[in-house]
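In our numbering, the protein residues as written are 727 to 1361. Following: one structure in structure tokens, then a few remarks.
This is the structure we're talking about:
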């Protein structure tokens, strides 16, 4: 039995309180506001645990691969296992192949789990997955009928595995005496349930530690907070609060305190060497709430006077990629991947076929199915308007076999996933980009390596052969031709890059061309110069970013654009200022706004187009009268 150690919160700092909980065998939660140094505390705790228990194995899970890399760089020890949550769970269940098959079959046949289904066979027989040599596999894509699950499914399967097979809890507790979870609010409730509910079935000792900020739980599938698990009962969680702010200037963290809804209020750091301190005094900072009747942002940027060409230290945050597409000039590609209306029509028809149990001949074309189901083209809906504006494309799509066309899939993640915040970030593992976009990135990356005079890396990635001075001259000419592509299409550049030996067409692209013919034919006609704009945006060479993607990042200057982007059912910034409307939408709006404002190390600007007087009044309350300005007065 672990001997209790008394804790005096008044005399002990956060680190000491956490170590007391660890010594007492208690699960704990470190709650800290933005910029409080939660990751610093996590690393500090890991180092101390290693020092006190050099042979004990420690697991640390976090939300992104960038965070994994950061923690690994700060703590280098053989007994520390750092990974994303999905990878951790899969690594600890993948060897139990028969149990995996049984659990997945059970989930597929469970009507209360609609997220996991296959059309046929129904019900799924117990031995269904025995036909696959590799059993159940975890990939970046989902093909349950072939025994391949992806990120979301791993959570369901792992939760059920630990519930149905308590011995797994014993095995995991034997392996890891300490399990720390960073950015816990983004962790799915099924994951938390494994560690705080299913683990109770095992009497073995293991301390679970959570680190994070409930106000920054901005993702739909995250647990948000641990309120239901807080307490002193066995297996519950003791909370430790970290209230000092090390990042934000005074005006910013005081604004953030007004935005918080959980009572955690921040103060300046007592560390005179903290980033937000100068000569032992916290920076003042600058905050501005700007509004205008003109939706153009040029006047906003001019009013702030920042260097928006400095993409590393200045960011303009928008709610969605769609709001950025026009500014960053990749609208055509965005529309193909996010608003491909004929794929949308295919989905509409497929749902109707399933719901009404309609029989479609195997030989039917997409056009035949449209006729059979009597789909009416009308300008009254987006699909109809798209068809009337793209009749040639519609005719081509109608000629496809419906059986084949039904398998075509498109999502903006295939275009936009894995976005960096600046050029120094590394791509995360497990990108959802499709193989066409990945190939285009290879082309542009190879061009970039040459431009940056990283010739050895360029030669290694391209396998380009240089045997003479003439070869170097030809290579230079070819690279310049691909940099200055003019109006050449994506397909023309793919062919040229292959012919020049700068990026060879490989099997993955050939497979994509065959299996996603419709999407390839749509994308191949787009100008490559537009892809180059997309590349600049995704690689962090522009000041633009979505608000969700800057979580955990920090910049000198942050401009927040308060535009719902058509997501009124998810976010409503007007109601956020009015403190009214749907409670869930209000909470989400408050959290995303709080997270955005606290990204800045120096200057914060917020822009609201044509706000109501009540919004302006609330802005004056939050920002101060002298910091709220109508920029129309300056024009």
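All C-beta atoms, glycine included, are put in the ideal place defined by N, C-alpha and C.
Item: Let me make sure I understand the geometry here. Which of 1351, 1319 and 1336 has the alpha-carbon closest to that of residue 985?; Value: 1319
Item: With a threshold of 8 Å, are at least 3 pairs of Cβ atoms found where one atom belongs to the region 1303–1318 and the other to the region 1078–1087?; Value: no
Item: Would you mind sorting residue 759 into buried or exposed? The rule is 16 or more other CB atoms within 10 Å of its CB.; Value: buried
Item: Would you kindly work out how many angstroms separate the C-alpha atoms of residue 1003 and residue 815, rounded to a whole number?; Value: 40 Å
Item: Out of 1258, 849 and 1285, which has the shortest C-alpha to C-alpha gap to residue 1054?; Value: 1258
Item: Excluding the five sequence neighbours on either side, which residues of its own chain have a C-beta within less than 6 Å of the C-beta of residue 1329, listed in chain order?; Value: 1012 and 1283
Item: Which residues bound the alpha helix (DSSP H) around residue 1017?; Value: Looking at the DSSP string, residue 1017 is not in any alpha helix (DSSP H); the run it does join, the beta strand (DSSP E), is 1012–1018.
Item: How far does the alpha helix (DSSP H) with residue 914 in it extend, from its first residue to its last?; Value: Neither: residue 914 is in no alpha helix (DSSP H) and is coded neither H nor E.
Item: Give, in chain order, every unbroken run of the alpha helix (DSSP H) that is at least 4 residues long and sits entirely within the region 791–868.; Value: 791–800, 811–817 and 823–834
Item: At 4 residues or longer, what runs of the alpha helix (DSSP H) sit wholly inside the region 1038–1116?; Value: 1047–1054, 1057–1064, 1067–1081, 1092–1098 and 1108–1115
Item: Is it true that the CB of residue 1303 sits closer than 7 Å to the CB of residue 1016?; Value: no
Item: Taking the C-alpha atoms as reference points, what is the distance between residue 1289 and residue 1076?; Value: 34 Å
Item: Near residue 1048, which residues of its chain fall below 7 Å by C-beta distance, leaving aside the five closest residues on each side in sequence?; Value: 1060, 1064 and 1291
Item: By a C-beta neighbour count over all protein chains shown, 10 Å radius and 16 as the cutoff for buried, is residue 1152 buried or exposed?; Value: Because residue 1152 sits at a pLDDT of 44, beneath the cut-off of 50, its placement in the model cannot be relied upon, and the point is left open.
Item: With DSSP run on the structure shown, which of helix, strand or coil describes residue 983?; Value: helix
Item: Taking the straight line between their C-alpha atoms, what separation do you get for residue 1195 and residue 1270?; Value: 41 Å
Item: My understanding is that residue 949 touches residue 911, with C-beta atoms under 8 Å, so please give their C-beta distance in whole angstroms.; Value: 7 Å
Item: Report all residues from its chain with a CB closer than 7 Å to the CB of residue 919; omit the five preceding and five following residues, and keep chain order.; Value: 885
Item: Would you identify the three-state DSSP class for residue 880, choosing helix, strand or coil?; Value: helix
Item: Using the Cα positions of residue 1056 and residue 1066, report the straight-line distance between them to the nearest angstrom.; Value: 15 Å
Item: Write down the C-beta distance between residue 811 and residue 913 rounded to the nearest angstrom, noting that I regard them as a contact closer than 8 Å.; Value: 6 Å
Item: With DSSP run on the structure shown, which of helix, strand or coil describes residue 994?; Value: strand
Item: Between the beta-carbon of residue 1256 and the beta-carbon of residue 1058, is there less than 7 Å?; Value: yes
Item: What are the residues that DSSP puts in a beta bridge with residue 1369?; Value: Because residue 1369 is not part of the residues shown, which for the chain are 727 to 1361, the question remains open.
Item: Residue 1246 lies in the alpha helix (DSSP H); which residues open and close that run?; Value: 1243–1249
Item: What span of residues does the beta strand (DSSP E) with residue 787 cover, start to end?; Value: 784–788
Item: Could you give the distance in angstroms between the alpha-carbon of residue 1347 and the alpha-carbon of residue 771?; Value: 39 Å
Item: The beta strand (DSSP E) with residue 1335 in it runs from where to where?; Value: 1326–1335
Item: Under 6 Å Cβ to Cβ from residue 1145, same chain only, skipping five residues before and after it: list those, please.; Value: Only weak support exists for where residue 1145 lies, its pLDDT of 45 falling under 50; the coordinates are left without a value.
Item: Cutting at 7 Å between CB atoms, please list the residues of its own chain near residue 835, excluding the five before and the five after it.; Value: 849 and 850
Item: When you compare the CB positions of residue 1092 and residue 1131, do they come within less than 7 Å of one another, or not?; Value: yes
Item: Compare the Cα-Cα distances from residue 1162 to each of 1198, 1238 and 1171 and report the closest residue.; Value: 1238
Item: Nearest by alpha-carbon distance to residue 905: which of 1014, 989, 786 and 924 is it?; Value: 786
Item: Within the same chain, show all residues whose beta-carbon is closer than 7 Å to that of residue 1149, passing over the 5 residues directly before and after it, in chain order.; Value: At residue 1149 the pLDDT is 44, less than 50, meaning the model places this residue with poor confidence; the figure from the coordinates comes in the next sentence. Result list for residue 1149: 1265, 1266 and 1267, in chain order.
Item: Any idea what DSSP makes of residue 1298, helix, strand or coil?; Value: coil
Item: If you drop the 5 nearest sequence neighbours on each side, which residues of the same chain put their C-beta closer than 7 Å to that of residue 1037?; Value: 1148, 1266, 1267, 1268 and 1269
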